[in-house]
Every structure is written in C-alpha cells, then in structure tokens.
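First the structure, in the form of structure tokens, and then the observations on it.
Numbering (our numbering), first residue to last: 1 to 107.
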C-alpha cells in the first residue's frame with residue numbers, strides 16, 4: 001500500500017513557511033497542487049477550531065476521500081498541518097510535538 005503525506009507549516013498570517021511531500025506513493029506534480037489545495041481549504045476550519053479549544057493538537061479537522069488533515073496549533077498561532085492517509089493518531093501527535101520542539105529551538 002502506498003502512503004502519502006504532505007506537511008506544511010503555516011504562519012499566523014496564513015503564509016506558508018515550509019512544505020514537504022513525503023511518502024511512498026508515486027510523485028506527480030498534479031498531486032502536489034491537489035494536496036496544497038486540500039490543506040489550504042482546511043485553514044478556515046482550523047481557524048474556527050483554534051478559538052474554541054485550548055488543545056494544541058486538533059486531531060483530524062478535515063477529510064478528502066481517503067486523506068485526513070491533522071493540525072497542531074502553537075501558542076503563537078503557527079499551524080503545523082499534515083495531510084496523510086495514516087490511522088495512527090498517537091504517532092501523528094508525537095510527530096507534531098517533536099516538530100514543535102524543533103521549531104522552538106530554531107525560532
């Protein structure tokens with residue numbers, strides 16, 4: 001089974017800071033734009049959810065076919081967004097926490 005993941009860091013002003021396409025699925029230029037579109041469309045949902053909860057890990061906020069958008073929001077309102085086809089919520093949460101620690105060190 002081919003796995004897909006697209007990871008994006010978005011600033012509080014909705015400016016993409018970082019983007020990475022990873023996975024074992026065949027790489028196609030069209031899919032990269034498709035993934036960007038799905039993540040961009042989920043930003044409105046993320047913005048609404050971020051103001052209604054104190055949790056940093058928002059879990060899965062949106063779905064498209066077999067892909068899921070999971071989000072982690074920092075205290076400074078930077079969003080870590082992951083488009084994936086995985087079912088491991090604990091693994092995704094751990095990934096976001098590690099990225100957050102590294103992000104703090106770099107900032």
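Using N, Cα and C, we set each Cβ at its ideal position, and we do this for glycine too.
7 Å Cβ shell around residue i - same chain, five flanking residues per side excluded
i, result
"residue 96", "57, 72 and 80"
"residue 59", "70 and 89"
Cut-off 8 Å between Cβ atoms - residues of its own chain near residue i, not counting five sequence neighbours on either side
i, result
"residue 78", "9, 10, 11, 12, 17 and 103"
Residues near residue i by beta carbon distance below 6 Å, same chain, minus five either side
i, result
"residue 23", "3, 4 and 5"
Under the three-state DSSP convention, the category residue i falls into
i, result
"residue 2", "Any reading at residue 2 needs caution, since the residue's pLDDT is 49, under 50, leaving its predicted position unreliable; the model's value is listed next. In the structure shown, residue 2 sits in coil (DSSP, three-state: anything other than H, G, I, E or B)."
"residue 62", "strand"
"residue 88", "coil"
"residue 104", "helix"
Beta-ladder partner(s) of residue i, from DSSP
i, result
"residue 23", "4"
"residue 80", "9 and 72"
Rounded distance between the beta-carbons of residue j and residue i, thought under 8 Å
i, j, result
"residue 83", "residue 40", "At roughly 11 Å, the Cβ-Cβ gap does not stay under 8 Å, so residue 83 and residue 40 are not in contact."
Query raised in the report: Can you give, in chain order, each stretch of the beta strand (DSSP E) that sits fully within the segment 34–78 and has at least 3 residues?
Result: List check, beta strand (DSSP E) in window: 57–64 and 67–73.
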